[in-house]
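Working notes, beginning with the structure itself.
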Amino acid sequence: MNMGQFALLVFTLSILIGMGSVLSYSEELSGLGVMQQVDDRDDGDDLIQKIHQKLLDKRGSVRERDMISFRKDYGKDSKSISYFLEPANIRDTALLTYDYDGVAKDDDQWLYLPALKKVRRISSSDRGDYFMGTDFTFEDIKQTPELEDYYWTLTGSKSIEGHDCWVVEGEPKTDALKKNLGYSKTRGYIRKDINMNIRTDYWDRKGQELKHFKIIEVKQIDGIWTATSMMMENVQTGHHTEMTFTDQKYNSGLSDRTFSERMLKRGYRAK
Amino acid sequence: MIHKSVFSLVTVLLFPLQAFALEWSMHGSVKNETSYFISGEKRLDKLQNRLDLKPEAMLTDRLEFRGRALLWYDAAMDIEANNVTDLTPAIKKHYRTYIKSKEAYLLYGGDAFDLRLGQQQIVWGKTDGLRMLDIVNPLDMREFLLDDFLDSRIGLVAARLNYYTYLNDHEHEFEFIVIPDARPAELAPTGSRWAYALPTLPTGITPVILKSEEPNWSAGNTEYGVAWRANLDGWDLSLNWFYGWKDTPNLQKKLSGATMFITPVYSRMHTVGGSFSNAFGAFVVRAEMAVNIDEGLDANGITAASSVAHHTTLNAAVGVDYTANNWTVSPQFFVRHLTGWDANISEDRTSGFVSLLLATDYLNEKLKPEVSGLYNWADRSWMVRPKASYEFSDHIKVIVGIDLFGGQSSSFFGQFNDNDRVYGELEYTF
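Spelled out as structure tokens, the structure:
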């Protein structure tokens with residue numbers, strides 16, 4: 000390599016590095032970019048986990064549920080099926096969801112109600128509807144919100160419990176979306192080291208403070224950062240929901256048959 | 000037959016189960032249902048204390064046992080003074096105690112099929128409240144249509160094979176059913192408050208009900224069914240065929256002097272139909288259709304030949320579920336049309352119902368009020384059922400409600416005008 004070629008190589012590398020820096024910098028400054036990184040975070044191709052829900056009202060009344068959930072990714076889409084195992088009054092109730100990426104197509108959802116012995120097609124359009132009495136809406140229990148539905152603004156950085164976090168505010172793009180989702184604004188705190196949203200504050204359609212979401216514990220399981228305990232508190236009702244996740248199995252090669260009306264009707268029985 | 004079912008349940012439960020079960024469980028509930036008639040002769044309708052048991056066992060990785068037994072004692076038959084004096088011993092016996100196996104079957108889950116053998120409930124169709132395709136299991140109609148179908152369906156001993164296969168990237172299900180245990184609906188006993196009204200007879204004619212020959216367990220009475228189901232391009236679709244017995248009898252009449260001898264008769268029929276459902280934004284549309292070929296129909300004649308007719312009937316229903324702002328609104332429209340109708344047939348050529356369900360919840364689904372109604376647009380009779388449930392805990396729930404009937408006394412719902420009632424239920428589930 001002569002000096003001319005060497006100089007050209009150095010120049011080219013410096014341009015590429017510079018471009019990378021510019022790209023990286025502009026991504027860091029974009030709320031959408033941060034949220035895209037959250038969306039792209041490795042969460043496995045499939046996952047089985049048990050979920051324990053604790054529903055607590057302001058008078059101290061507690062209801063507890065046990066579920067098992069299965070999820071499998073199909074590119075950007077995913078399918079999931081969740082079975083209620085306990086208590087007996089909702090045992091065998093099960094929800095099957097085909098979650099389509101983007102907003103062009105509504106998700107498909109089916110609910111099995113053991114009291115009717117029937118699988119019911121249900122509408123997924125009311126994403127602000129609360130899931131089975133919890134403080135999580137159907138939108139909240141998704142991995143990440145539909146990014147196209149919000150204007151995302153990166154407002155800065157903040158340390159949360161010793162973790163350096165991006166602060167990203169989301170505002171639903173239209174009044175119809177605000178009505179549908181039940182929120183006028185969200186503010187999320189995303190850990191920079193693992194691209195995980197560990198806290199979110201919600202404001203209702205009238206701009207009043209509504210809910211606080213918090214991940215209490217994060218662990219690395221099979222090399223994947225996993226929330227193992229989280230909580231959602233509704234400050235308007237005083238009700239809150241705690242969820243703990245156990246027995247995670249990533250990338251076990253779940254069969255497509257797992258996500259079917261057949262399995263909804265059969266229910267889950269531990270083998 | 001009842002004892003046979005209970006015996007089979009107990010046998011499977013107690014004898015071999017623990018010997019080779021990997022794991023077994025018992026869920027169920029203890030429940031009190033109390034109701035009081037607020038129209039007609041006001042009195043205690045029922046004071047039922049119920050035990051609902053759901054035993055299950057995993058026998059191997061692929062083989063499971065699932066069962067359900069329901070039993071109760073209704074104290075109203077003994078402590079309500081009017082019942083003690085007014086009701087016949089047969090009616091009191093019918094309502095006082097109930098011990099029945101509702102389901103007791105083995106489920107073998109293969110890779111591409113499920114096989115269920117034993118007493119089971121097989122549910123077809125997409126509609127609520129009224130049954131068009133949901134015709135496999137007959138009903139126990141001791142309380143007309145007020146009981147939950149899960150409780151009123153009579154479990155039948157059947158073999159059911161569900162086979163699943165992928166065609167063009169879509170899963171298709173094929174269901175094959177054989178039911179040697181043919182049985183009719185169990186109607187409320189004559190003279191009880193939930194008994195169907197007998198046909199109007201000319202003045203001076205006395206009716207005498209003769210014993211009927213009901214379909215029973217025999218090779219010749221065996222019922223068969225086949226269904227196909229798939230989700231194609233977002234549409235949940237099914238096609239169904241069932242060759243069975245009409246669950247309710249037709250009344251064959253024979254006039255002899257001043258006596259009308261009435262014999263309930265049962266007949267076979269083919270049912271061919273299908274269903275679909277899909278979601279469109281906040282709306283879910285669901286529909287089903289059932290064509291009953293050669294269905295037995297009551298006619299106005301007074302001879303065996305002229306009092307029962309057979310024609311093809313078309314039965315269809317469409318319903319919409321609208322969900323928004325934590326409210327569900329579900330209207331349904333049912334229509335029944337008789338081909339080959341003539342003026343001698345007791346039914347209208349075209350008849351049907353509309354129904355409406357309004358439901359919501361409060362306090363994170365602890366409190367669930369709802370009101371449902373059915374209106375028979377052919378005879379203008381109706382039934383309205385508001386109720387509310389409240390969950391005190393994971394295990395304790397209370398329900399209060401009212402059942403109201405209206406219409407002319409000869410109409411479908413109006414015949415129960417004197418049976419308006421208030422009720423309360425207290426349930427502990429485990």
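Taken in order, these protein sequences are the chains called A and B.
In this text, residue positions in the first sequence follow numbering that gives the first Met the number 0: the first is 0, and each later residue adds one.
In this text, residue positions in the second sequence follow numbering that gives the first Met the number 0: the first is 0, and each later residue adds one.
Beta carbons: idealized from backbone N, C-alpha and C, even for Gly.
> Can you name the residues of chain B whose CB is closer than 8 Å to the CB of A/A114?
Replying inline: Residue mapping note: residue 114 of chain A aligns to position 115 of the first sequence, counting from 1. Against chain B, a Cβ distance below 8 Å from A/A114 picks out D147 and L149.
>> Does the CB of B/T359 have a neighbour CB from chain A at under 8 Å?
In response: Translated into the one-based positions of the second sequence, residue 359 of chain B becomes position 360. Answer no: the Cβ-Cβ gap between B/T359 and chain A never drops below 8 Å.
>> Cβ closer than 7 Å: which chain B residues qualify as neighbours of A/H305?
In response: Residue 305 of chain A lies beyond the residue range present for chain A, which begins at 0 and ends at 270; the question has no answer from this structure.
>> Give me, in chain order, the residues of the same chain whose beta-carbon lies closer than 7 Å to that of A/R126; leave out the 5 immediate sequence neighbours on both sides.
In response: Your numbering for residue 126 of chain A matches position 127 in the first sequence. Within its own chain, the residues whose Cβ lies closer than 7 Å to the Cβ of A/R126, once the five positions on either side in sequence are excluded, are T136, F137, E138, N179 and L180, listed in chain order.
> At what residues does the alpha helix (DSSP H) containing B/D77 begin and finish?
Replying inline: Residue 77 of chain B sits at position 78 when you count from the first residue of the second sequence. Where B/D77 is concerned, the enclosing alpha helix (DSSP H) stretches over A75 to I78.
> Would a check of beta-carbon distances place A/I220 closer than 8 Å to chain B?
Replying inline: As a first step, residue 220 of chain A must be located in the first sequence, where it is residue number 221. For A/I220, the answer is no, since every Cβ of chain B falls outside 8 Å of its Cβ.
> Whose Cβ in chain B lies nearer than 7 Å to the Cβ of A/L54?
Replying inline: The count along the first sequence starts at 1 and reaches residue 54 of chain A at position 55. A/L54 reaches chain B at N363, counting residues in chain order whose Cβ is nearer than 7 Å.
> Quick one: Cα of A/L263 to Cα of B/G273, how far?
Replying inline: For the purposes of this step, residue 263 of chain A is identified with residue 264 of the first sequence, where counting begins at 1. For the purposes of this step, residue 273 of chain B is identified with residue 274 of the second sequence, where counting begins at 1. Pairing A/L263 with B/G273, the inter-Cα distance amounts to about 21 Å.
> Unbroken beta strand (DSSP E) runs of length 3 or more, entirely within the region 138-208 of chain A: which are they?
Replying inline: Here the runs fully enclosed are 149-159, 162-171, 184-190 and 195-202.
>> For a cutoff of 8 Å on Cβ pairs, would you count A/M230 as touching chain B?
In response: Within the first sequence, the letter at position 231 stands for residue 230 of chain A. Taking Cβ atoms only, chain B never reaches closer than 8 Å to A/M230, which makes this a no.
> Can you give the Cα-Cα distance for B/I301 and B/K92, rounded to whole angstroms?
Replying inline: Position 302 of the second sequence, counting from 1, holds the residue named residue 301 of chain B. Position 93 of the second sequence, counting from 1, holds the residue named residue 92 of chain B. Going from the Cα of B/I301 to the Cα of B/K92 covers about 33 Å.
> Given B/H394, which residues of its chain have a CB within under 8 Å of its CB, disregarding the five upstream and five downstream residues?
Replying inline: On the second sequence, residue 394 of chain B is found 395 positions in, with the first residue counted as 1. Closer than 8 Å at Cβ, skipping near neighbours: Y427, T428 and F429.
> Between A/I197, A/I193, A/I121 and A/Y111, which lies nearest to A/R186 when the distance is taken from Cα to Cα?
Replying inline: One-based indexing of the first sequence puts residue 186 of chain A at position 187. Checked all of A/I197, A/I193, A/I121 and A/Y111; the closest Cα to A/R186 is A/I197.
> Should A/K177 be labelled buried (16 or more other beta-carbon atoms within 10 Å of its own) or exposed?
Replying inline: In the first sequence, residue 177 of chain A corresponds to position 178, counting from 1. Answer is buried; the Cβ neighbour count reaches 16.
> Which residues, in chain order, does the region 392-413 of chain B contribute to contact with chain A at a C-beta distance below 8 Å?
Replying inline: Residues passing the 8 Å Cβ filter: S392, D393, H394 and K396.
> Closest to B/D320 by CA distance: which of B/A308, B/N82 and B/R285 is it?
Replying inline: Within the second sequence, the letter at position 321 stands for residue 320 of chain B. Looking at the Cα atoms, B/R285 is the closest of the given residues.
> According to the neighbour-count rule (16 or more other Cβ atoms, all chains shown, within 10 Å of its Cβ), is B/Q407 buried or exposed?
Replying inline: For this step, residue 407 of chain B is matched to residue 408 along the second sequence. Taking all protein chains in view, the Cβ of B/Q407 is surrounded by fewer than 16 other Cβ atoms within 10 Å, so the residue is classified as exposed.
> Going along the region 170-190 of chain B in order, which residues come within less than 9 Å of chain A, judged by CB to CB distance?
Replying inline: If the cut-off is 9 Å between Cβ atoms, the region 170-190 of chain B has E170 and E172 near chain A.
> Per the contact definition of three or more C-beta pairs closer than 8 Å, is the region 27-40 of chain A in contact with the region 353-361 of chain B?
Replying inline: These segments do not touch.
>> List, in chain order, every chain B residue whose beta-carbon is nearer than 8 Å to that of A/R265.
In response: As a position in the first sequence, residue 265 of chain A is number 266, starting the count at 1. Against chain B, a Cβ distance below 8 Å from A/R265 picks out L106, G108 and D113.
> Where does B/R420 fall in DSSP's three states?
Replying inline: As a working note, residue 420 of chain B is residue 421 in the second sequence. Of the three classes helix, strand and coil, the one that applies to B/R420 here is strand, per DSSP.
>> Does B/M140 come out as helix, strand or coil in the three-state DSSP assignment?
In response: On the second sequence, position 141 is the one that residue 140 of chain B refers to. In the three-state reduction of the DSSP assignment, B/M140 falls in the strand class, which pools E and B.
>> Can you look up B/Y94 in the DSSP assignment and give me helix, strand or coil?
In response: Taking the second sequence and counting its residues from 1, one reaches residue 94 of chain B at position 95. B/Y94 sits in a helix when the DSSP states are folded into three classes.
> Going along chain B, which residues have a C-beta under 9 Å from A/R126?
Replying inline: Here the question's residue 126 of chain A lines up with position 127 in the first sequence. Under the 9 Å cutoff, chain B gives no residues; its nearest Cβ is about 11 Å from A/R126.
>> Using the three-state DSSP reduction, which class does B/K245 fall into: helix, strand or coil?
In response: Within the second sequence, residue 245 of chain B is the residue found at index 246, counting from 1. It is coil, neither helix nor strand.
>> Going by C-alpha to C-alpha distance, which of B/A74, B/D246, B/A103 and B/M268 sits closest to B/P137?
In response: Taking the second sequence and counting its residues from 1, one reaches residue 137 of chain B at position 138. Out of B/A74, B/D246, B/A103 and B/M268, B/D246 has the C-alpha closest to the C-alpha of B/P137.
> Expressed to the nearest angstrom, what Euclidean distance is found between the alpha-carbon atoms of B/Y265 and B/V317?
Replying inline: Looking up residue 265 of chain B in the second sequence gives position 266. Looking up residue 317 of chain B in the second sequence gives position 318. When only Cα atoms are considered, B/Y265 and B/V317 end up about 29 Å apart.
>> Residues in the same chain with beta-carbon distance under 6 Å from A/T245, minus the five sequence neighbours each way, listed in chain order, please.
In response: Within the first sequence, numbered from 1, the residue matching residue 245 of chain A stands at position 246. K49, listed in sequence order.
> Looking at the structure shown, is A/V21 part of a helix, part of a strand, or coil, going by DSSP?
Replying inline: Taking the first sequence and counting its residues from 1, the one referred to as residue 21 of chain A is at position 22. Here A/V21 scores only 41 on pLDDT, less than 50, and its place in the model should not be relied on; the value that follows carries that caveat. It is helical.
>> For B/L378 and B/D417, what's the separation of their Cα atoms in angstroms?
In response: Stepping through the second sequence from its first residue, residue 378 of chain B is reached at position 379. Stepping through the second sequence from its first residue, residue 417 of chain B is reached at position 418. Per the sequence presented here, residue 378 of chain B reads as Asp, with Leu not at that position. Computed Cα separation, rounded: 18 Å.
> For A/L55, which residues of its own chain have a beta-carbon under 6 Å away from its beta-carbon, when the five flanking residues on both sides are left out?
Replying inline: Locating residue 55 of chain A in the first sequence gives position 56, counting from the first residue. Excluding positions up to five away in sequence, the list reads V61 and H239.
>> Suppose the cutoff is 6 Å on Cβ atoms and the five residues either side in sequence are ignored; what does the same chain contact list for B/G372 look like?
In response: Your numbering for residue 372 of chain B matches position 373 in the second sequence. Shown here for B/G372: same chain residues with a beta carbon closer than 6 Å to its own, the five before and five after excluded, namely L355 and V383 in chain order.
>> What does the Cβ neighbour count give for B/R228, buried or exposed, with the cut at 16 atoms within 10 Å?
In response: Locating residue 228 of chain B in the second sequence gives position 229, counting from the first residue. So B/R228 ends up on the buried side.
>> For B/R42, which residues in the same chain have their Cβ closer than 6 Å to its Cβ, ignoring the five residues on either side in sequence?
In response: The residue you call residue 42 of chain B lines up with position 43 of the second sequence. Same-chain partners within the cutoff: F36, E79 and N81.
> beta strand (DSSP E) containing A/E260: first to last residue?
Replying inline: Position 261 of the first sequence, counted from the first residue, corresponds to residue 260 of chain A. That residue, A/E260, is in no beta strand (DSSP E); its alpha helix (DSSP H) goes E260 to R265.
>> On the DSSP letters alone, give me the boundaries of the beta strand (DSSP E) that B/S388 sits inside.
In response: For the purposes of this step, residue 388 of chain B is taken as residue 389 along the second sequence, with counting starting at 1. Boundaries of the beta strand (DSSP E) around B/S388: S380 to E390.
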